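K.L.:
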Amino acid sequence: MRWLLSIAVALGLAATVSTAQAASPLVDADWLHDNLGQSDLVVLDVRNAIDGGSREIYEQGHIPGAVYSNYLEDGWRVERDGVPGQLPPIADLEKLIGGLGIDNDDHVVVTAGGTSALDMGSATRVYWTFKVLGHEEVSVLNGGHKAYAAAYPLQTGWNAPEATEFAGQFQPQYVATREQVAKAVKSGVTLIDNRPHAQHIGAKKHPKAATPGTIPGANNVEESKLTVNGGTFVDAEQLGALLSEAGVESGGEQITFCNTGHWASLGWFAQSEILGNKQARMYDGSMTDWTKHGQPVEVKAD
């Protein structure tokens with residue numbers, strides 16, 4: 001009987017491992033529903049004012065077992081030296097994530113509202129943050145809360161997380177600094193501006209940007225084109241066609257940017273995690289940081 005028990009345990013462990021291995025950077029509602037019972041799976045609901053979310057909205061209905069953290073209010077991004085949207089100190093992120101009951105062995109599925117590309121940026125920015133911290137076991141729910149709610153029942157009330165320890169290890173290969181971007185401009189590295197076209201050409205600007213325009217030589221891949229039907233990402237083939245139309249290769253060294261590192265996280269996710277370009281980085285300071293420090297801009301509007 002002992003050997004039967006050993007086989008059962010081994011099979012159980014194998015099933016757990018295979019489930020973890022089956023998780024891709026982008027998972028759908030069916031995959032999530034089928035794996036909700038896994039002990040090392042944590043669903044992180046980051047809905048916020050962008051998609052009309054809040055703690056109250058979360059309590060009215062969320063994916064079963066999900067823990068909640070407001071992307072805009074809980075410290076996922078900070079303002080530093082007058083520049084919004086910056087990566088917080090590692091120690092602060094460790095405290096935030098550990099306080100949500102997430103440890104280094106958990107697989108985290110991040111879900112936003114799923115109503116638009118704009119709100120899906122909440123999920124991809126948090127995903128990028130986990131990667132910067134060296135946490136590889138993380139996914140984004142394709143279509144977000146909206147997609148799950150359309151297919152499966154929700155849970156109501158508040159899930160109080162049990163705080164634990166989370167240790168981050170900074171991974172610089174995901175981050176582009178202003179100095180690195182300046183060198184990239186001179187060396188011809190591909191720069192991808194994920195802002196709306198009007199901002200890219202300088203016809204409009206973000207309130208926090210000192211001047212209109214874009215980083216010289218940047219190509220424009222608008223964030224709104226990266227998803228369809230709200231928050232569902234376009235597939236790899238469609239994404240490749242979109243990039244080709246914008247004059248962007250699907251591989252090679254690339255840096256995505258926007259105004260505050262929100263839209264750019266969508267662009268980075270598309271390049272790095274959907275197309276598999278591991279030479280893609282994100283400039284979280286983006287145009288607010290670039291223009292604050294008097295860097296050159298290109299204005300394409302007549």
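Mapping of the sequence shown onto full-length UniProt numbering: position 253 corresponds to residue 253, and the numbering continues sequentially without gaps. Idealized CB from N, CA, C, for every residue including glycine. In this text, all values refer to a predicted model and were calculated from it rather than measured experimentally.
1. What are the partner residues of Q155, as DSSP defines its beta bridges?
2. Whose C-beta lies closer than 6 angstroms to the C-beta of A210 among residues of the same chain, with five residues either side of it excluded?
3. Buried or exposed: where does S187 fall if 16 or more other Cβ atoms within 10 Å of its Cβ makes it buried?
4. Per DSSP, which one or two residues make a beta bridge with R281?
5. If I measure Cβ to Cβ from M1 and keep anything under 8 angstroms in the same chain, skipping five residues before and after, which residues do I get?
6. Considering only residues of the same chain and omitting the five flanking positions on each side of residue 307, which have a CB-CB separation below 7 angstroms?
7. Using a Cβ-Cβ cutoff of less than 6 angstroms, which residues in the same chain neighbour E223 once the five nearest sequence positions on both sides are dropped?
8. Less than 8 angstroms between the beta carbons of V27 and V67, yes or no?
9. Name the two residues that bound the continuous alpha helix (DSSP H) containing R178.
10. Are V175 and G217 closer than 8 angstroms when you measure CB to CB?
11. Provide the residue span of the beta strand (DSSP E) that contains E162, from first to last.
12. Less than 6 angstroms between C-beta atoms, sequence neighbours within five positions excluded: which residues of the same chain meet that for V78?
13. Could you say if the stretch 96 to 104 and the stretch 31 to 47 meet the contact criterion of at least three C-beta pairs nearer than 8 angstroms?
14. So for P172, helix, strand or coil by DSSP?
15. Considering T291, what are the terminal residues of the alpha helix (DSSP H) in which it resides?
16. Once DSSP output is grouped into helix, strand and coil, what is the label at S39?
17. Which residue comes first and which comes last in the alpha helix (DSSP H) that contains V119?
18. Just confirm the distance between the C-beta atoms of G114 and A151, as a whole number of angstroms; I'd bet it's less than 8 angstroms.
19. Within this structure, are the beta carbons of L191 and V109 separated by less than 8 angstroms?
20. Below 8 angstroms on the Cβ atoms is my contact criterion, and I expect P212 with V299 to pass it. Report the Cβ-Cβ distance as a whole number of Å.
21. Got a sec? Which residues, its chain only, sit under 7 angstroms from S122 by beta carbon, not counting five neighbours each side?
22. For the structure I just gave you, are there three or more beta carbon pairs, one from the stretch 131 to 145 and one from the stretch 246 to 256, closer than 8 angstroms?
23. Going by alpha carbons, who is nearest to S272 out of G101, K131, G230?
24. Please state the DSSP three-state secondary structure of Q295.
25. Which of the three DSSP states is assigned to Y148 in this structure?
26. Which of the three DSSP states, helix, strand or coil, is assigned to L243?
27. Starting from E79, trace the beta strand (DSSP E) in both directions and tell me its first and last residue.
28. Given a cut-off of 8 angstroms, decide if V189 and Y283 are closer than it, judged by their beta-carbon atoms.
29. Apart from the five residues just before and just after T214, which ones in its own chain have a Cβ nearer than 6 angstroms to its Cβ?
30. Which of helix, strand or coil does DSSP assign to D51?
31. Since V126 and W158 should fall inside the 8 angstroms C-beta cutoff, what is the C-beta to C-beta distance between them, to a whole number of angstroms?
P.N.:
By the coordinates alone:
1. Bridge pairing for Q155: H62 [DSSP].
2. T291, K292
3. exposed
4. I255
5. With a pLDDT of only 33 at M1, under the threshold of 50, the placement of this residue in the model should not be trusted, and no figure is reported.
6. Here the chain covers residues 1 to 302 and nothing more, so residue 307 does not appear.
7. A117, N194, W263, L266
8. Their beta carbons are not under 8 angstroms apart, which means V27 does not touch V67 by this criterion.
9. 178 to 187
10. no
11. First-last for E162: undefined, no H or E at that position.
12. Q86, P88
13. yes
14. helix
15. 286 to 292
16. coil
17. Strictly speaking, residue 119 in this sequence is Asp, with Val absent from that position. Going by DSSP, D119 is part of the alpha helix (DSSP H) stretching over 117 to 132.
18. Not really, about 12 angstroms apart at Cβ, beyond 8 angstroms.
19. no
20. 6 angstroms
21. V46, N48, I50, Y71, A112
22. Under the Cβ criterion (8 angstroms, minimum of three pairs), the stretch 131 to 145 does not count as touching the stretch 246 to 256.
23. K131
24. coil
25. helix
26. helix
27. Start and end: 78 to 80.
28. V189 sits away from Y283, with the two beta carbons spaced by 8 angstroms or more.
29. D193, H200, E298
30. helix
31. The Cβ separation is near 20 angstroms, so there is no contact.
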